[in-house]
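See below for the structure under consideration.
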Amino acid sequence: MSELTSASTGTLYLVPTPIGNLADMTFRAVQVLKSVAYIAAEDTRNTQKLLNHFEITTKQISFHEHNTMARIPQFLTLLKAGDDIAQVSDAGMPSISDPGKELVQACIQAGIKVTPLPGANAALTALIASGLTPQPFYFWGFLPRKPKAQQAVLQQLSTNEATTMFYESPFRLLKTLANMATVFGPERQVVLARELTKRYEEFIRGTIEQVSATMAQRTIKGEFVILVAGVKPTAVPPADLTDAEIRQAVADLITAGSKPNAAIKAIAQETARQKQDIYKIFHQL
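Position 28 of the sequence shown, counted from 1, bears residue number 27 in numbering that gives the first Met the number 0, the numbering being contiguous throughout.
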């Protein structure tokens, strides 16, 4: 069955493209790009290479951060006239650290159908092979370039218990790692995922200090995903109760319907003490 709808208005398709390996392009993505009236592309020159590879002849219209506001009315006019449009970024998913969200919002407000296709994403691809806790995770994307602004963002994330993911260019990698060492501490675990799905795909793992030292000795090439381990949850200290408070706590549970032994066991677990100790305190032995 065709992906295209028979509604009077067109559909905006959000089509992920490979992040490196062209074999990761899905059959459905190729079908949609061939079937729509137009392709809204972040960089038409880059996308043309993809289209040539899959023998797609659909007309492209440039759509990037510098012409977003001018293009949206044009796209809405085409969609309202019944044309289907596929939006692509240079690599990965539209809207994820790439253009896209403004057009999606405009289509939703105009009552135009928006259909997302699943596909490649650098952050999740890196996460599942990182060795860090995969969930919960927190995706930030590109950090601010100015040092003070970057440190301010990192400070906000410094107590995050989730694995946090960033995108970074090879030109700013060492400076970003230095700021992370300052804010997160040099011993925080970090993973660099480089050139994902490509020939020289690589994962560099260790503390921020170790990874920084490794990268400082190398010629840094390729786009990076930086994954930072979350902070470990602070253990809740056992309740420091007096003997009288322990007896009252057990008594309250018994009054609420618990049997004496169950109440004693519950308070022992809550205070991280031996059940026998709580038994002696409660019975004043």
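The beta-carbon is built from N, C-alpha and C at its ideal position, and this holds for glycine as well.
Item	Value
On a Cα-Cα basis, can you pick out the residue from F281, A255, T181, S157 that is closest to I320?	The shown model of the chain, from 0 to 284, leaves out residue 320, and the question about it has no answer.
Expressed to the nearest angstrom, what Euclidean distance is found between the alpha-carbon atoms of E101 and P15?	17 angstroms
Candidates T196, L191, E222, R198: which alpha carbon is nearest E208's?	L191
With DSSP as the reference, label R204 as helix, strand or coil.	strand
Touch check for the stretch 248-258 and the stretch 200-214: three-plus C-beta pairs under 8 angstroms?	no
Report the residue from A119, S88, Q247, F170 whose alpha carbon sits nearest the alpha carbon of R217.	F170
Should A40 go down as buried or exposed, given a rule of 16 or more other Cβ atoms within 10 Å for buried?	buried
Taking just the CA atoms, how far does T206 sit from M179?	11 angstroms
Going by C-alpha distance, which of E244, D242, E194 is nearest I225?	E194
Would you give the residue range spanned by the alpha helix (DSSP H) that R70 belongs to?	67-79
Which two residues bound the contiguous alpha helix (DSSP H) that contains T163?	Segment 162-167 is the beta strand (DSSP E) holding T163; no alpha helix (DSSP H) there.
Measuring CA to CA, which of T46, Y137, K279, S7 is closest to A243?	K279
Enumerate in chain order the residues of its own chain whose CB-to-CB distance from E186 is below 8 angstroms, with the five nearest sequence positions on each side excluded.	T206, I207, E208
Using only the alpha-carbon positions, how far apart do M164 and P93 sit?	18 angstroms
Keeping to the same chain, check which residues put their C-beta closer than 7 angstroms to that of D82; ignore five residues upstream and five downstream.	G9, A36, Y37
Write down every uninterrupted run of the alpha helix (DSSP H) in the stretch 30-59 whose length is 4 residues or greater and which is fully enclosed by it, in chain order.	43-52
Could you tell me the distance, in whole angstroms, from the CA atom of Q30 to the CA atom of Y12?	11 angstroms
Would you identify the three-state DSSP class for L176, choosing helix, strand or coil?	helix
List the residues that DSSP assigns as beta-bridge partners of Y199.	Paired residues: none, contrary to the question.
Consult DSSP for T218 and reduce its assignment to one of helix, strand or coil.	coil
For P115, which three-state DSSP category applies?	strand
By the three-class DSSP mapping on this structure, what secondary structure does E269 have?	helix
For V230, does the three-state DSSP call read helix, strand or coil?	coil
Looking only at DSSP bridge pairs, what is G140 linked to?	F165
Would you report the Cα separation of A80 and R70, rounded to the nearest angstrom?	16 angstroms
Just to confirm the assignment, what range does the beta strand (DSSP E) spanning R193 have?	188-193
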